[in-house]
Amino acid sequence: MELFNQLISASLNIAEKQINNTLSLLKEGATIPFISRYRKEITDGLNEVQIGNIKEQYDKLCDLSKRKETILKTIAEKGELTEELRKRIENTWESTVLEDIYLPYKPKRKTRAEVARQKGLEPLALIILLQNEKDLLAKASKFLTGEVESIEEALKGARDIIAEQINEDERARNQVRHVFNRQAVITAKVIKGKEEEAAKYRDYFDFSEPLKRCTSHRLLAIRRAESEGLLKVSIVPDEEECTERIEKLFVRNTNECGKQVSEALHDAYKRLLKPSIETEFASLSKEKADEEAIRIFAENLRQLLLAPPLGEKRVMGIDPGYRTGCKIVCLDAQGNLVHNENIYPHPPVDKKPEAVSKLKTMTQAYDIQAIAIGNGTASRETESFVSKISFDRPIQVFVVSEQGASIYSASKIARDEFPNYDVTVRGAVSIGRRLMDPLAELVKIDAKSIGVGQYQHDVDQNKLKKSLDRTVENCVNLVGVNLNTASGHLLTYISGLGPQLAQNIVNYRAENGAFASRKELMKVSRMGAKAYEQCAGFLRIPQAANPLDNTAVHPESYHIVEQMAKDLECTVAELITSKELRLKIDKQKYTTPTVGLPTLNDIMQELDKPGRDPRNTIKVFEFDPNIHSIGDLKEGMILPGIVGNITNFGAFVDIGIKENGLVHLSQLAERYTILGYRLSYYIIEN
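Okay, structure coming up:
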């Protein structure tokens, strides 16, 4: 454990004590959000990203440790495990080094070298490697048998053995690896006859770039085209430098033996070493590209989940369309469906007067406060149509991303929520709810379907899922949820719960009504002390008798606030509502060996703004009313737009038409690379 702490500390530049304490908490069953929020004294203020990185590094070391056990067992079973070899393996914590050590002992299929050994040519290979023999041909003739019929055949077999030894030599592999790392070039060429089929990969038809400089989006595009059978891809080092470096290790004489070693060396490089190291670097570069793409996806998802909510308002959701009309749903302040119907304000049906009448009637009947319009087909026309209607009160109109809404509408979650309604109603409900609370609605959709990444289908799917799940979990716990209204799916992401306890909470609410206090959680089936500790601080009860139940103050710290109130001769409720009283508090007075200033600062922030939502306030956005299609665009125009997706080569901007505009990285200021950022954009090319 101590060694793991040292290795992780060196890798992440975090103190060993912090790592040790964090790993201890994780082993005790604490979640990353809980540790980040409520154990700052123990971790010395590590955030959820740092804690997640510690866990990831620890898991990798555990996997490497298991791999070493397997390797040691395999070598021991062959009777070749020396004490020196054991120590080398036990002291190695780099995967590539470990595999290099293991390579000579690895079970092999029947190689050319193995065939030569079976013919008794290993002693000849050793003679050649020593490079002292003056009459090699005479020496080789002594190895002629029924299986080895000529001197050339004997020499060839010996060279095969030498080639395998060179390939398995750590020094040789490291020399080639060094050249690859420093100057390897990735090349791509279109496969003959596939030019038309590969048109979208035209930039890579005759592509060459230093591997180190190849960006993640280019590398993933190249690898996708390769997997589709459209491009031939290779990673090429300076072959002359590679072979020269290996020659310095193995060729020590200019005699016939030296020539044989040199010939074996070139064969080893071409047939064994280069393909092996090329595969290694292809894998490493793909892994790095995956990590970058996953990082971008996770950050985009985080920004999307933390988008400003409208809050508990009565909302009309509109899924716009032409021929099939616009599906209208009316939702109450809790997001429950109270009404749905269709209107046909656009051609070919074109019943505008009837549509206006229906919308006015619905907004009055259900006291609608805001309208959410999906940004898909007919969105601009629908927004323009709705915005011109004179309602009997001010009603804000918002355009909402409907990415993934169709996935949700056909999902089991949607069927369970609305078993008696079709996918069009469910999709419109999702659009309306996204306006009210993007986080609560988007967690119901597989994050990969939201479409805010680059090449998400080409990256390691297990790593992607872990990263996105962690992002969703962190966002949900950062915001917190209403214990009495949160869906089972949203509760699943709360620290310490999971699907079963989340469903048990929903069942308890159905049978017993709303929770009156956090303490009541202990009555939920299977809710133990540990699960309660992990989840309680992230669950809010707005109308609770104890006002602390609607804050992020953990129940384990209630006694601190109660003591503060007692010292000030007031109630907890009065302490929360009176800034004057709070200013009298001396935090140092309430520190203990387990409660320090980090926790007390968090408590005071919560008392200042109880149940505060860390998300920003939502604002109405309007596109240019004169732009409806790409044909309306002209160079030099300045148009309002919203950042809809961020990649490592730029940002895609929604300017209110079907196609998104691209702001290239070279034209993008870092402060604007935020999903949902609203700004004016200059058209430089159409």
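No gaps in the numbering here: position 134 of the sequence shown is 134 in the UniProt record's numbering, and each next residue is one more. For every residue, glycine included, the Cβ atom is placed at its ideal position computed from N, Cα and C. These numbers were taken from a predicted model, which means no experiment stands behind them.
message: Does H664 come out as helix, strand or coil in the three-state DSSP assignment?
response: Start at 1 with the first residue of the sequence shown, and residue 664 comes out as number 664. Residue state, collapsed to three classes: strand.
- Which whole-angstrom value is the C-beta distance of F281 and A184, which I expect to be below 8 Å? Walking along the sequence shown from the start, residue 281 turns up at place 281. Walking along the sequence shown from the start, residue 184 turns up at place 184. Contact holds; Cβ gap of about 6 Å.
- Message: Quick check: what's the CA-CA separation for D667 versus H628?
- Response: Numbered from 1 along the sequence shown, position 667 holds the residue referred to as residue 667. Numbered from 1 along the sequence shown, position 628 holds the residue referred to as residue 628. The sequence shown places Gln at residue 667, rather than the Asp named in the question. Q667 and H628: Cα-Cα distance of roughly 25 Å.
Practice item. Just grab the DSSP bridge partners of F207 for me. Key: Counting from 1 along the sequence shown, the entry for residue 207 is found at position 207. Paired residues: A188.
| query | Mapping DSSP to helix, strand and coil, what is P347? | reply | The residue given as residue 347 occupies position 347 in the sequence shown. Assigned with DSSP and collapsed to three states, P347 falls in coil, not helix or strand.
Closest to E383 by C-alpha separation, out of N626, S262, E196 and Y558, would be which residue? Taking the first residue of the sequence shown as position 1, residue 383 is located at position 383. Checking every option, the nearest Cα to that of E383 belongs to N626.
Going along the chain, which residues of its own chain have a beta-carbon closer than 6 Å to the beta-carbon of A264, five neighbours each way excluded? Position 264 of the sequence shown, counting from 1, holds the residue named residue 264. These residues qualify, in order along the chain: R159, I162 and A163.
Quick check for students: name the residue ranges of the alpha helix (DSSP H) that lie wholly in the region 525-561, counting only runs of 4 or more.
529-535
Do G488 and A502 count as a contact pair if the criterion is CB distance below 7 Å? Mapped onto the sequence shown, residue 502 falls at position 502. Mapped onto the sequence shown, residue 488 falls at position 488. Yes, they are a contact pair.
ask   = Taking only runs of the alpha helix (DSSP H) that begin and end inside the region 221-273, which ones reach a length of at least 4 residues, in chain order?
value = 239-250 and 256-268
Worksheet item: Where does M316 fall in DSSP's three states?
Response: Position 316 of the sequence shown, counting from 1, holds the residue named residue 316. In the structure shown, M316 sits in a strand (DSSP, three-state: E or B).
| said: I'd like the list of long-range same chain contacts for M1, defined as Cβ closer than 7 Å, with 5 residues on each side in sequence excluded. | reply: Residue numbering aside, residue 1 sits at position 1 when the sequence shown is read from its first letter. Cβ neighbours of M1 beyond the five flanking positions: none.
Proximity of N47 and S36 at Cβ, strictly below 7 Å:
Along the sequence shown, one-based indexing puts residue 47 at 47. Along the sequence shown, one-based indexing puts residue 36 at 36. Cβ atoms of N47 and S36: closer than 7 Å.
Between L273 and F180, what straight-line distance do the alpha-carbon atoms span, to the nearest angstrom? By 1-based counting over the sequence shown, the position of residue 273 is 273. By 1-based counting over the sequence shown, the position of residue 180 is 180. Going by the C-alpha atoms only, they are around 11 Å apart.
Item to complete: Flag this pair as touching only if the region 545-557 and the region 571-583 have three or more C-beta atom pairs under 8 Å; answer yes or no.
Response: At 8 Å Cβ cutoff, the stretches touch.
inquiry  = So, under 8 Å CB-CB, Y201 and T243 are touching, yes? Tell me the CB distance rounded to an integer number of Å.
reply    = Looking up residue 201 in the sequence shown gives position 201. Looking up residue 243 in the sequence shown gives position 243. Incorrect: roughly 33 Å between the Cβ atoms, too far for contact.
### Message
Less than 6 Å between C-beta atoms, sequence neighbours within five positions excluded: which residues of the same chain meet that for P419?
### Response
Residue 419 sits at position 419 when you count from the first residue of the sequence shown. When the five nearest sequence neighbours on each side are left out, no beta carbon in the same chain lies closer than 6 Å to the beta carbon of P419.
- Item | Short Cβ contact (7 Å threshold) for H57 with I8 | Position 57 of the sequence shown, counted from the start, is the residue given in the question as residue 57. Position 8 of the sequence shown, counted from the start, is the residue given in the question as residue 8. Note on identity: in this sequence residue 57 is Gln, with His being the wrong assignment. Contact: yes.
By a C-beta neighbour count over all protein chains shown, 10 Å radius and 16 as the cutoff for buried, is C62 buried or exposed? Start at 1 with the first residue of the sequence shown, and residue 62 comes out as number 62. Label assigned to C62: exposed.
- Report the option in E149, S387 and Q334 whose CA atom is closest to the CA atom of T485. Reading the sequence shown from its first residue, position 485 is the one you call residue 485. Answer by Cα proximity: Q334.
Closest to N340 by CA distance: which of I71, I541 and C330 is it?
One-based indexing of the sequence shown puts residue 340 at position 340. Closest by alpha carbon: C330.
In its own chain, which residues sit with a C-beta less than 6 Å from the C-beta of C214, not counting the 5 before and 5 after it? As a working mapping, residue 214 is identified with position 214 in the sequence shown. Excluding sequence neighbours, C214 sits near I186.
Cβ-based neighbour list, T363, same chain, cut-off 6 Å, excluding 5 preceding and 5 following
Counting from 1 along the sequence shown, the entry for residue 363 is found at position 363. Result list for T363: F391, in chain order.
#### Entry: A307, enclosing beta strand (DSSP E) - first and last residue
Working through the sequence shown from its first residue, we reach residue 307 at position 307. Taken as a continuous stretch (DSSP letters only), A307 belongs to no beta strand (DSSP E), as it is neither H nor E.
- request: Select from L220, D206, E256 and K212 the residue whose C-alpha is nearest the C-alpha of K232.
  value: To locate residue 232, count along the sequence shown from 1; it is residue 232. With distances taken between Cα atoms, K232 lies closest to D206.
(Q) With H, G and I counted as helix, E and B as strand and the rest as coil, what does DSSP make of H628? (A) Within the sequence shown, residue 628 is the residue found at index 628, counting from 1. Here H628 sits in coil by DSSP.
Exercise. From which residue to which residue does the alpha helix (DSSP H) around residue 719 run?
Worked result: Absent from the model: residue 719. The displayed extent of the chain is 1 to 686, so no value can be given.
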